[in-house]
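Colleague: Have a look at this one.
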Amino acid sequence: MKVLVCISNVPDTTTKITFTNNNTQFNTAGVQFILNPYDEIALARAIELCEGGKGTVTVINVGEASTEPTIRKALAIGADDAVRINIAPSDSYTVASQIAEYAKDKGFDIILTGRESIDYNGAQVAAMVGELLNIPSVSIIKKLDFDGTTATLDREIEGGKEVISLPTPFIASCAEGVAEPKIPNMRGIMSARTKPLAVVEPVAATALTSISSFETPAPRSAVKMVSADEVAKLVDMLHTEARVI
Amino acid sequence: MSVLVYVEHAEGKFKKSTFEVVSYAKSVADKLNTGLTAISIGTVAQDELSSLGKYGAAKVLSVSAEKLKSFVNQAYASVIAEAAKKEGANVVVLSNSFTGKGLAPRVAVKLQAGLVAGAVALPETDGGKFSVKNTVFSGKAFAFTQLDSENKVISLNPNSYQVNEGGSAAQVEEFQPATNDSDFKAMVKDIVRASNKVSLPEAEIVVSAGRGLKGPENWGMIEDLANALGAATACSKPVSDAGWRPHEEHVGQTGISVSPNLYIAIGISGAIQHLAGISSSKVIVAINKDPEAPFFKVADYGIVGDAFEIVPKLTEAVKAYKANN
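Residue numbers (the working numbering), protein chains in the order written: chain A, 1011 to 1255; chain B, 6 to 330.
See the structure below:
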């Protein structure tokens, strides 16, 4: 079995988000980049599925050379090999196009992504790759079982779940619950340095969207404190002043 | 040129997020001086379909083919793309729900359309451009995403656009799309819904609790308060990581982003990752025993004190208020 995990390189979750160039560019100064937390879940499940010689896990990233520490981290966690498509990502469609182009003739049985990247949150790449490859895609799964021929997935829906059964090949985007992220051990970190990381030149793909500017949320007004002895007053304020109940 | 909106239903009934998305799509259509058509897939009663006219749909295409009864995103995307072509629609609007997230990207690829996910406002169309404000960095910022393609797909965040009523009944038309067997490889085996729970991403009020609750056995009072308010329950990351509450209740940067009218945070300190997921909430209440908790910096109302004393009192006060109003 061959599993492909799509990973992205994102600002650490503690990052304070600011912009430069008249709010047209994300300010990366001093920002620590990490492996997207949801992609860690996808990677962990891929490794579990392939354990005991049942298959191999390849990770793919669309990005410039600066993303290689994140790719090495994925190798340290347990991926067998890695591919970097050598282009800065511009929008979800171009990223999906690069991944689909690479994957189309490699015979991957299962392709996994995180449910979304925590920078642009599009949650688009998995379903776009599915469409470009004309294979089923399931977005935002909480569980993935595979018996060798058929996969059973729990897809999150509002207020519950849908249980989906499907054959390979397919692509799915993983949320919490699919697996526990794995922490690389010393052997993993050592071996990551020598695992294959292929750099592949991109194909031509035109972006369909572009970000013209950014904005940070308006600052909120100062907090109004209510005494712990006057809880009923809070209810009154929520009704008469805030008008939310 | 026209606008097409996909209307999601649960067991044949439309919900508030559907009315939001139809109201939004109607405003987009007005802005572009064109009409709005809705498309519904699955079994929905005629009068439920025609009621979408109230929110601005002039026409509703109804797809009731047996094969398309349960949701398969690949097949549904084909149907929506075919309907868009038939209607000459170059803007397709969907909800950025769990279902919309699986559907919108496939529709966009089929139509060679740019997709803006998580829209929070109407498009700006000045100077021949088409730009939509959407959330990025998990709620820490907004972007103005320009759609450079002729066809455009927009997915609207729940609780981000007001429901507008005032239209009359829509004309309902049966639509029989072509279906392709290769679109039906995935099959829905079962749907499990917690019957009495308010869905978190769509909830108007959210009651959320953190490590300050000390253990899963203490969630009864959180559920009582949520029930009194008709609210959904949520939690912080440490709580779902510890297995006190299910993952789908985890709100924050690596969980669910919510934008309710009222978010009540109980015993949550207010780490930057949690605050990212709730920053679009209209009113925030923080209850924490630590007066220095970062949550008070973003809250509109705050109470410093012991959650175990305050929450039951708050529940009583809410019940008393509900009884009198």
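Positions of the beta carbon are idealized from the N, C-alpha and C atoms, including for glycine.
Mapping DSSP to helix, strand and coil, what is Gln1108/A?
Modeller: Gln1108/A: helix per DSSP, three-state reduction.
Colleague: May I ask you to list the residues that DSSP assigns as paired with Ser1149/A?
Modeller: Answer is none; Ser1149/A lacks a bridge partner.
Colleague: Between the segment 300-320 of chain B and chain A, which residues of the former have CB atoms less than 8 Å from a CB of the latter, in chain order?
Modeller: Here the close residues are Phe301, Lys302, Val303, Ala304, Asp305, Tyr306, Gly307, Ile308, Val309, Gly310, Asp311, Glu314, Ile315, Lys318 and Leu319.
Colleague: Tell me which residues share the same chain as Ile1255/A and place their Cβ nearer than 6 Å to its Cβ, disregarding the 5 neighbours each side in the sequence.
Modeller: Around Ile1255/A: Leu1248 and His1249.
Colleague: Using a Cβ cut-off of 8 Å, which residues of the segment 1231-1242 of chain A contact any Cβ in chain B, in chain order?
Modeller: Listed by position along the chain: Ser1231, Val1233, Lys1234, Met1235, Val1236, Ser1237, Ala1238, Val1241 and Ala1242.
Colleague: What does DSSP give as the partner residue(s) for Asn139/B in the beta ladder?
Modeller: DSSP lists Ala124/B and Ala148/B as partners of Asn139/B.
Colleague: Under 7 Å, Cβ to Cβ, is there at least one residue of chain A near Leu161/B?
Modeller: No, Leu161/B lies away from the interface with chain A (no Cβ there is under 7 Å from its Cβ).
Colleague: Mind listing the chain B neighbours of Glu1166/A? Cutoff is C-beta to C-beta under 8 Å, in chain order.
Modeller: Neighbours of Glu1166/A on chain B, chain order: Phe103 and Glu253.
Colleague: Using a beta-carbon distance cut-off of less than 8 Å, what residues from the segment 1039-1053 of chain A approach chain B?
Modeller: Here the close residues are Pro1047 and Tyr1048.
Colleague: Cβ closer than 7 Å: which chain A residues qualify as neighbours of Glu207/B?
Modeller: Near Glu207/B (Cβ distances below 7 Å), the residues of chain A are Glu1168.
Colleague: Of the choices Ala1161/A, Leu1045/A, Lys1243/A and Phe1036/A, whose alpha-carbon is the least far from that of Arg1082/A?
Modeller: If we check each option's Cα against that of Arg1082/A, Leu1045/A comes out closest.
Colleague: List the endpoints of the continuous beta strand (DSSP E) containing Val1093/A.
Modeller: Run containing Val1093/A: Asp1091 to Ile1095, per the beta strand (DSSP E) assignment.
Colleague: So, with DSSP's three-state summary, where would you put Glu178/B?
Modeller: The answer is strand: DSSP assigns Glu178/B an E or B state.
Colleague: Got a sec: is the Cβ-Cβ distance from Met192/B to anything in chain A below 7 Å?
Modeller: By this cut-off, Met192/B is an interface position.
Colleague: With a threshold of 7 Å on Cβ separation, who are the neighbours of Lys1064/A within its own chain once the five nearest residues in sequence on each side are excluded?
Modeller: Here the set comprises Met1011.
Colleague: Output yes or no for whether 7 Å exceeds the beta carbon distance between Val203/B and Glu25/B.
Modeller: Not closer than 7 Å, so no.
Colleague: Sorted by chain position, which residues of the same chain lie with C-beta nearer than 8 Å to Asp1115/A's C-beta, five sequence neighbours on each side aside?
Modeller: Hits under 8 Å: none found.
Colleague: Quick check on Thr341/B: buried or exposed, where buried means 16 or more other Cβ atoms within 10 Å of its Cβ?
Modeller: With chain B represented from 6 up to 330, any question about residue 341/B goes unanswered, as that position is not in the structure.
Colleague: Based on Cα-Cα distance, which residue from Ser75/B, Leu120/B and Phe76/B lies nearest to Asp1101/A?
Modeller: When only C-alpha atoms are compared, the closest one is Leu120/B.
Colleague: Could you work out which residue in Ala208/B, Gly58/B, Lys302/B and Ile269/B is closest to Ser173/B when comparing CA atoms only?
Modeller: When each option's Cα is compared against that of Ser173/B, the closest is Gly58/B.
Colleague: Residues of the segment 261-277 of chain B with a CB closer than 7 Å to any CB of chain A: list them in chain order, please.
Modeller: From the segment 261-277 of chain B, only Asn266, Leu267 and Ile277 have a Cβ closer than 7 Å to chain A.
Colleague: What residues from the segment 104-117 of chain B come within 8 Å of chain A, judged by C-beta to C-beta, listed N to C?
Modeller: Listed in sequence order: Thr104, Lys106, Gly107, Leu108, Ala109, Pro110, Arg111, Ala113, Val114, Lys115 and Gln117.
Colleague: Which residues does DSSP pair with Glu1172/A in a beta bridge?
Modeller: According to DSSP, Glu1172/A bridges with Arg1165/A and Ile196/B.
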